[in-house]
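Asks: I have a structure here, written as C-alpha cells, and I will follow up with some questions on it.
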Amino acid sequence: MPFAIPKTIYTGKIKEVVLGRGPKAITVGGETSYPFHLFEGEMPHPPRIALEVYDTPPDNWAEAALEPYRDVIGDPVAWAKKAAEVYGADLIALQLISTDPNGLNAPSDQATETAKKVAAAVEIPVIVNGSGSPDKDAELLRKVAEACDGMNLVISPVVEENYKQIGAGAIAYKHTVAANSPIDINLAKQLNILLGNLGVPDRQVIVDPTTGGLGYGIEYTYSVMERDRMAALTQQDERLQFPIICNMAKEVWKTKEAKAKTEDAPLLGDAARRGIIMEAMTATLLLLAGADVLVMRHPEAVRLVREMIKDFSA
Amino acid sequence: MALTGIQIFKLLPKTNCGECGVPTCLAFAMNLAAAKAELASCPYISEESKTLLSEASAPPIRPVVIGSGENVVKIGGETVLFRHEKTFVNKPGVALLISDTMPADEVDERIKRFNLLKYEWIGLVLRAELIAVRNESGDTGKFEALVKKIMDGSDAALILMSESADALKAALQVSAQRVPLIYAATDGNTDAMVALAKEYKCPLVAKAANLDELTALTDKIGAAGIKDIVLDGGARTVRGAFEEQVFVRRAALIQKNRSLGFSTIAFPCEMTKDPMKEALIAATLIAKYAGIIVLSDFQGESLFPLLVARLNIYTDPQRPMMMQQGIYPIGNPNEDSPVLITTNFALTYFIVSGEIEASRVPSWLMVMDTEGLSVLTAWAAGKFVGDAIGQFVKKSGITEKVKQRKIVIPGFVAAVSGDLEEELGPEWEVRIGPREAAHLAPFLKQGV
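Protein sequences appear in the order of chains A and B. Sequential numbering of the first sequence, starting at 1, is according to this note's numbering. Sequential numbering of the second sequence, starting at 315, is according to this note's numbering.
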C-alpha cells in the first residue's frame, strides 16, 4: 500500500506585516502551515534576521561576541552600518540599553537622538528596543515614534502597562509595535486584543512572546509559540495570527555557559564556537516553533541559521 | 486505536470479583483506559478478549530498548506530536560514529571523548549514550576487533553498522549481551538480518529509500517475527529528514499506521560536512521526533548545547524542573557575605544564580522548596510567605555560615517582609531586593 502523507488541515493564516519603508522594506508572516511544513502549506516570506546594535558599549560580553564589532563599539551608527553592509542583516535591532533606570539611566531624549541617527543611517528596517522598564519605555518609545515619523520602525517592547502610550504613538506616526507578554498564550492574546481596541491596525502588530535561551527556559517559549501557531492556524484564533519576533541574542549570550573561557571550562570545548552554536541552536529551535524575526548577535551564527532556513525550504 | 473505558468494560468478565485490586470491573476498565492498570491483573479474562485488548492497547510507537546494565537507551513510546499536548517521554539517544577505517589513535581519542564529555546540570548528568560502529573496511576481523575495543573502553550502547551479515554476526557474537542495535535490514538482505536479530535477540533497523518501501519492509520483517524495529526512511537532506520524521510520527499517531509505528534513527553526520551545522541539524531532529541521532564526532562546544536542548525539549511541561532545597554558595562567600533567598523553580535559580555570579559579589543563595513554583506563583499559592520562609531560614543552618543577620528577599514579595521579620525575630533584618534578577548586580555592588 503506498504511503499517504498524513496532512494537517489548516483554517487560518498568519497576517502579513511590512517592516520598514522604501525599497529595503520587508514583509514577514503570511504562513498557511506550521513552520517549514511546506508539503501542506506555504511560507511566502522566509524568516528574517535582525542584528543587534547597542547604544552604549556593552559590559561583560563574551570575547567571541565582541570581536566582530570591536571597531564600532561606542558608535551605534557605525555599528548599524557594519551590521547591514558587512554582515548582511535583514534588520537592525537597536538596543537602547543606556536608558535602563537600573543601569545608566540615560535621558530618553539622548537615546531618541541615537535612534533617529541609526534609523536614518541604514535603509533596512530598524527595531528600536527600550530597556524593558515599562515606565521609562512609555516615555522613550513615544519620543522615538515621533522623532522617526513615518519610518515604520518596530517599536519594542510594548507591554500591558504601557501599550496605550506607545500604541498611540505607533498609530500617529505609523510604526509597527512588538506586543510583548511574559511567555503566556492567553496574555499574548489579551494584549493583541487591547492593541486592536486601541486602534492599532493589525498590519502594524507583531508578537514578542518573551524568549528564554537554550538551557534557560527555551522550552517555555518553544511551547508557547507552538500553541500560538496551532491556535492561529487550526483553531481560527484570529487574535493570534500575527508574525512572531524573538529577541533572543541577549538571552543566549548572558549565560555563564556562553561566556565561559575555553581554559576555564575544558569540557565545554572551544569558547567562540560554543557561543556561536548556542546562539544558532536557540535560533533553530525558535524557527521550528514559529519565529518570523530573530534578533541575533554573532555573524557566524547568522550565517549558519540562514543556511538552515535555506535547507528547510530547499 | 485506544479504547474507551466502556469499550474495555464490554470485554471484561463483569464478575466484580475485586481480585484486580479495585471493587468493580467498570472501575478496572476505567483504570485500563487511563493506563493506570495492567490487563494481567485480571485473572478471569478470556483469551479472546485478551488478544483484542492487547492489540488495541499496544502503544502507537513501539518502545525499544538498546544496551544493557546502567546505560540502557529506551526510545519510542511517544504519544504526542507537540510536547505541550502531554510530554515527550524517551529522549533520543545521541551516538558517536566510529569507523573501522579510522586510525587507532583517532579511535582512542573518540572513546576518550565519549567517556569524558558528561555534564552536571540541575542535579542530572547529561551525556551521550551510544557509539555507532561502522564497518567501512569490509573486513570482518577489523570490525569485530573495533567492537571489542569499544566495549572494553566504554559503557556505550552500540549500533552495529555493516552491509555484511557475516561481519555483523562476528560482532554480535562478542557484543550480544550489550543488546546492540543492528543496522540495517534492507530489501535485499532481509532474511539474513532477521535471522541475526532473532538469534541474538537484538533490535533491528529497517532501512529503505522512502516511506513506501519502508512500509513494505517493516511488514516483511514484522511477519518474520521481529517486533523491535527502528526506522530509517533514507532521507539525508535537512528538509528530507525533517519531513520524514514528521510523516512517520503523524502516520503512527494519527493514521494508526502499524507499519510505521516505530522509533527512528537519523544521520546528521551524513547531511553536512560542517560540524556546527551538524549540531543544528541534530537539534532539529531532537525537536522533531528522531529516536537516535548519529553524529560524525563529539566536541564539547557542540555536544553540550545539544544535550541541553534535548533536556529542554523532553522536560515534562506539566512538571517544573526543580532544585534541591538548600544553601548554595556563589563565588566563595564568607561569613560576612550577603544572604539572598529565592524559590526552587530551576529556571528561577538559574537566572538568580547567574546574575549573582555576574555581579562578582560572593553570596549565599538560599533556595527554598516551593514545589518548583516561581517566586510570584509560590507567593500567590501561600508557599513563599513570611512564616514559611522564616521557618526554612531558621532550620537551614545559615547562621553557622554567616555572622551577619541580613536576608534579601525578592522585590516581588516585598509584602511578606513584616511577617518574615516577626517569624525570624529582632536579630534579623529583612532587605527587599530588586524585582527582576537582572537588577541584582547593581543592588549587590552597592552593598547589602
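Glycine is no exception: its CB is placed at the ideal position from the N, C-alpha and C atoms.
Would a check of beta-carbon distances place B:Ala597 closer than 8 Å to chain A?
Replies: It does: the Cβ of B:Ala597 has a partner Cβ on chain A nearer than 8 Å.
Asks: Quick one: grab the DSSP three-state call for B:Glu741.
Replies: Coil.
Asks: Closest to B:Ala555 by CA distance: which of B:Tyr514, B:Asp526, B:Leu528 and B:Thr598 is it?
Replies: Of the listed residues, the one whose Cα sits closest to B:Ala555 is B:Thr598.
Asks: By DSSP's criteria, A:Glu52 is part of a beta bridge. Which residues make up the other side?
Replies: Answer is A:Ala93.
Asks: Less than 8 Å between C-beta atoms, sequence neighbours within five positions excluded: which residues of the same chain meet that for A:Tyr163?
Replies: Val177, Ala179, Leu191, Leu194, Leu195 and Leu198, listed in sequence order.
Asks: State yes or no: is the C-beta of B:Leu625 within less than 8 Å of the C-beta of B:Leu440?
Replies: Cβ distance < 8 Å, so B:Leu625 and B:Leu440 count as in contact.
Asks: Report buried or exposed for A:Val319, applying the criterion of at least 16 other Cβ atoms within 10 angstroms of its Cβ.
Replies: Residue 319 of chain A lies beyond the stretch modelled for chain A, which goes from 1 to 314, so this question has no answer here.
Asks: Mind listing, in chain order, the continuous alpha helix (DSSP H) runs of no fewer than 4 residues lying wholly within the region 494–551 of chain B?
Replies: Here the runs fully enclosed are 504–514 and 525–537.
Asks: A:Leu267 and A:Arg274 - do their beta-carbons sit closer together than 8 Å?
Replies: No, these two residues do not count as a Cβ contact at 8 Å.
Asks: Note down, in chain order, every chain A residue with its Cβ under 8 Å from the Cβ of B:Pro647.
Replies: Near B:Pro647 there are no residues of chain A at all, since even the closest Cβ is about 17 Å away, more than 8 Å.
Asks: For B:Ser363, decide whether its Cβ has a neighbour in chain A, counting only Cβ atoms nearer than 8 Å.
Replies: Closer than 8 Å: no.
Asks: So that I know if they touch, is there some Cβ in chain A lying closer than 8 Å to that of B:Met315?
Replies: Caution applies to B:Met315, whose pLDDT of 47 falls short of 50 and renders its modelled position unreliable; the model cannot decide the point.
Asks: Got a sec: is the Cβ-Cβ distance from A:Glu307 to anything in chain B below 8 Å?
Replies: Closer than 8 Å: yes.
Asks: Under a CB-based cut-off of 8 Å, is B:Ser665 close to chain A?
Replies: Correcting the residue type first, residue 665 of chain B is Ile in the shown sequence and not Ser. So, interface residue.
Asks: Relative to chain A, which residues along the region 402–432 of chain B have a C-beta separation below 9 Å, given in chain order?
Replies: Residues passing the 9 Å Cβ filter: Leu430, Leu431 and Lys432.
Asks: Report back the beta-carbon spacing between A:Pro125 and A:Val154 to the nearest angstrom; my notes put them in contact at under 8 Å.
Replies: Indeed, because the Cβ distance is near 7 Å, the residues count as touching under 8 Å.
Asks: Would you mind stating whether A:Ala188 and A:Asn129 have Cβ atoms separated by less than 8 Å?
Replies: In this structure, A:Asn129 does not lie closer than 8 Å to A:Ala188 by Cβ.
Asks: Is A:His298 helix, strand or coil when you go by DSSP?
Replies: Three-state DSSP puts A:His298 in coil, outside helix and strand.
Asks: Chain B partners of A:Thr255, CB-CB under 7 Å?
Replies: Result: Gly668.
Asks: Could you give the residue range of the beta strand (DSSP E) that holds A:Glu146?
Replies: From DSSP, A:Glu146 is part of no beta strand (DSSP E) but of the alpha helix (DSSP H) over Pro134 to Ala147.
Asks: Do we get a CB-CB distance below 8 Å when we pair A:Leu268 with the residues of chain B?
Replies: Yes - at least one Cβ of chain B is within 8 Å of the one on A:Leu268.
Asks: Based on DSSP bridge pairs, tell me the residues matched to B:Arg448.
Replies: Partner(s): B:Ser413 and B:Met475.
Asks: Let me confirm a value: A:Lys82 is counted as buried when at least 16 other C-beta atoms fall within 10 Å, else exposed. Which label applies?
Replies: When all chains shown are included, A:Lys82 counts as buried.
Asks: Relative to chain B, which residues along the region 216–229 of chain A have a C-beta separation below 9 Å, given in chain order?
Replies: Listed in sequence order: Tyr216, Gly217, Ile218, Glu219, Tyr220, Tyr222, Ser223, Val224, Glu226 and Arg227.
Asks: Could you check whether the Cβ of A:His45 sits closer than 8 Å to any Cβ belonging to chain B?
Replies: So no, A:His45 is outside the interface.
Asks: So, for A:Ala64: in the same chain, excluding its five sequence neighbours on each side, which residues have a beta-carbon less than 7 Å away from its beta-carbon?
Replies: Here the set comprises Ala271, Ala272, Gly275, Ile276 and His298.
Asks: Starting from A:Thr114 and walking both ways along the alpha helix (DSSP H), at which residues does that stretch end?
Replies: Its alpha helix (DSSP H) spans residues Ser108 to Ala121.
Asks: With DSSP run on the structure shown, which of helix, strand or coil describes B:Ile665?
Replies: Looking at B:Ile665 - three-state DSSP - the assignment turns out to be helix.
Asks: Should B:Leu346 go down as buried or exposed, given a rule of 16 or more other Cβ atoms within 10 Å for buried?
Replies: B:Leu346 is buried by the Cβ-count criterion.
Asks: At what residues does the alpha helix (DSSP H) containing B:Glu362 begin and finish?
Replies: Glu361 to Ser371 is the extent of the alpha helix (DSSP H) around B:Glu362.
Asks: What does the alpha-carbon distance come out to for the pair A:Cys246 and B:Ile568?
Replies: If you take the alpha carbons of A:Cys246 and B:Ile568, they lie about 31 Å apart.
Asks: Could you please tell me which residues of the region 186–218 of chain A, in chain order, have their CB closer than 9 Å to any CB of chain B?
Replies: If the cut-off is 9 Å between Cβ atoms, the region 186–218 of chain A has Gly212, Leu214, Gly215, Tyr216, Gly217 and Ile218 near chain B.
Asks: Looking at the secondary structure, which residues open and close the beta strand (DSSP E) in which B:Met680 lies?
Replies: First-last of the beta strand (DSSP E) with B:Met680: Ser677 to Met682.
Asks: In chain B, which residues lie less than 7 Å from A:Pro2 when you measure between Cβ atoms?
Replies: Those within 7 Å of A:Pro2 in chain B are Asp526.
Asks: At a Cβ threshold of 8 Å, is A:His298 touching chain B?
Replies: Chain B contact via Cβ: absent.
Asks: Given a threshold of 16 other Cβ atoms within 10 Å of its Cβ, counted over all protein chains shown, does B:Met315 qualify as buried or as exposed?
Replies: The predicted position of B:Met315 is uncertain, since its pLDDT is 47 and thus under 50; a value taken from the coordinates is nonetheless stated next. Looking at its Cβ environment, which holds fewer than 16 other Cβ atoms inside 10 Å, B:Met315 is exposed.
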